[in-house]
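Chemist:
Numbering (my numbering), first residue to last: 49 to 238.
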């Protein structure tokens, strides 16, 4: 009889310890999920804001760019090409970053899929823009006044370097987000 009581007491203690362990595990999972979402959200918002601010700034400087290029003797066709490229860039950035603000609050699988789509679209954008900008710089270098042509080419090269640095940072953030999500997915599978 006393042996049964000891076994019952031990079972009750084990149940209490298991309940405490489950509660701690749930708390840890919630904290991990919250930290992942905060980290993911800050990186997503950095990418979204970068693309949107660049777009807005580009649209605001359009009249200045037009005036400088006209003063430098750049052909009107070349000016129209760069203006169209700047507008297309702004529209593209707003379209690809639409919905990113609320993305981190959703399911992790959707975040991962969206980041992979964003990564593909950014790569596609760079593969189109860079050759166009290089061709445009060559065109301007040939047709503009000599003293301005060198300035445009140097400025264009600096701009491309900055674009590649920002592009690399975006790609790194996307990889970090996806790795974090994959780690959490592995933890939940185990």
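Every residue, glycine too, gets a C-beta built ideally from N, C-alpha and C.
For residue 163, does the three-state DSSP call read helix, strand or coil?
Modeler: Helix.
Chemist: Given 8 Å as the limit, is there contact between the region 222 to 229 and the region 100 to 109, that is, 3 or more CB pairs closer than that?
Modeler: Counting Cβ pairs under 8 Å, fewer than three are found: no touch.
Chemist: Which of the three DSSP states is assigned to residue 145 in this structure?
Modeler: Note: residue 145 maps to coil in three-state DSSP.
Chemist: Considering only their Cβ atoms, is the gap separating residue 129 from residue 191 smaller than 8 Å?
Modeler: It is not a contact, given that the beta carbons lie outside the stated cut-off.
Chemist: For the putative contact between residue 144 and residue 166, defined by C-beta atoms under 8 Å, what is the C-beta separation to the nearest angstrom?
Modeler: About 6 Å separates the two Cβ atoms, so the contact holds.
Chemist: Out of 138, 57, 155, which has the shortest C-alpha to C-alpha gap to residue 244?
Modeler: Limits of the chain in this structure are 49 at one end and 238 at the other, which puts residue 244 out of reach.
Chemist: List the endpoints of the continuous alpha helix (DSSP H) containing residue 111.
Modeler: Residues 110 to 119.
Chemist: From residue 197 to residue 106, what does the alpha carbon distance come to, in whole angstroms?
Modeler: Their backbone Cα atoms lie some 21 Å apart in a straight line.
Chemist: Is it true that the region 128 to 142 meets the region 198 to 211, where meeting means three or more beta-carbon pairs spaced less than 8 Å apart?
Modeler: Not touching, per the Cβ criterion.
Chemist: Compute the minimum distance between the beta carbon of residue 130 and the heavy atoms of the ligand SAM, and state whether it is under 7 Å.
Modeler: In terms of ligand content, the structure shown is empty, and the ligand SAM therefore cannot be addressed.
Chemist: Which class does residue 99 belong to by DSSP, given the choice of helix, strand or coil?
Modeler: DSSP places residue 99 in helix when its eight states are reduced to three.
Chemist: Among 116, 151, 177, which residue has its Cα nearest to the Cα of residue 140?
Modeler: It is 177 whose Cα lies nearest to the Cα of residue 140.
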